[in-house]
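Once you know that position 202 of the sequence shown is 202 in UniProt numbering, the rest is easy, because the numbers rise by one and skip nothing. Don't be surprised by glycine CBs; every beta carbon is placed ideally from N, CA and C. All figures in this text were calculated on a predicted structure; none of them were measured in a lab.
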Amino acid sequence: MAKFLRKIISSCVVCQTRNPIACCELTSFIIAKPVKNHTSLEFAKFLLYDVILRYGFVRTLRSDRGTEMEGVVKELLKLLEVKHLKGSGYRPQTTGKIETQHRSLGRILAKLCSENQKDWNLAVPFACFAMNAAKHAVTGVSPYQAVYGVPCLFQFDMAYPVREQLDPFIMDTADRIANIQAFIKYNIAENKRYSEALVNETRRPVTLKVGDKCLLF
């Protein structure tokens, strides 16, 4: 059944083309919103109202080379002085993080929409919350905690009394967030070194000769 549901979600045109997603490359915090039309105008509105005006301006936006990233989006990024980095069509790894988030979101939606696949759009906020509140395997903390500096509060937390804090302001929130993000950067770097070492063990050396054809990234 799970395999069947994943197939339904992955083949659904609405699910795959009308669900713009933004993801913070450092914290893995994800923002997604269902839209009726997959156009440059809709994505520009999503970027402005759901990302920038809620979480602040960004210096760099990394995306694929989809047509929705032209037109209104291009003008908006120019107006806001945001550097736009486009991934190579020959190297999908350049947008690997968001592609991974796409797959994770699809799997969660498949579970939430098992009974009624027509209301998948109502499940998107719940799926995003689940992803943001869960501990990330690489960073060691949840995206929610990485952004806000405190762990996410769940319903079962209400069953336990709040412990009185003798000195609640000892650790300043800004310092706490800085420490968390430093911890994340360290874990990401360690994971990258481990992954590179793992790949290099089986990588074959490539020797190019004059006249050989190759892809330029």
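Buried versus exposed call for residue i [16 or more other C-beta atoms within 10 Å across all chains shown]
i       : result
Phe-29  : buried
Leu-198 : exposed
Gln-155 : exposed
Phe-43  : buried
Ala-159 : exposed
Thr-27  : buried
Cross-strand partners of residue i (DSSP beta bridge)
i       : result
Ser-63  : Lys-86
Ala-159 : Answer is none; Ala-159 lacks a bridge partner.
Ala-32  : Ile-21
Close-in-space but distant-in-sequence residues of the same chain around residue i (CB under 7 angstroms, 5 per side omitted)
i       : result
Val-138 : Asn-187, Ile-188, Asn-191
Leu-112 : Ala-123, Phe-126, Ala-127
Thr-173 : Gly-149
Gly-71  : Ser-40
Ile-180 : Val-141, Gln-145, Ala-146, Gly-149
8 angstroms Cβ shell around residue i - same chain, five flanking residues per side excluded
i       : result
Tyr-148 : Ile-177
Ser-142 : Asn-132, Ala-133, Ala-134, Lys-135, His-136, Pro-151, Cys-152
Phe-183 : Thr-139, Gly-140, Val-141
Leu-208 : Cys-214
Asp-175 : none
Spatially closest choice to residue i from the options, by CA coordinates
i       : options                           : result
Lys-45  : Leu-76, Ala-159, Leu-109, Cys-23  : Leu-76
Tyr-49  : Ala-22, Thr-60, Thr-100           : Ala-22
Leu-47  : Val-73, Thr-60, Leu-26            : Val-73
Phe-129 : Leu-26, Thr-27, Ile-31            : Ile-31
Thr-60  : Val-51, Leu-85, Arg-203           : Leu-85
Lys-97  : Val-210, Tyr-194, Asp-212, Cys-24 : Cys-24
heavy atom of the ligand HEM below 7 angstroms from residue i C-beta
i      : result
Cys-24 : Ligands are entirely absent from the displayed structure, and the ligand HEM is therefore not among its contents.
Own chain, CB closer than 6 angstroms to residue i, minus 5 neighbours either side, in chain order
i       : result
Arg-62  : Leu-85
Thr-202 : none
Counting Cβ pairs closer than 8 angstroms, one from the segment 105-122 and one from the segment 36-56, do we hit at least three? no
The segment 129-146 in contact with the segment 63-79 per 3-pair CB rule at 8 angstroms: no
Report yes or no: do three or more beta-carbon pairs, one from the segment 102-115 and one from the segment 78-88, lie closer than 8 angstroms? no
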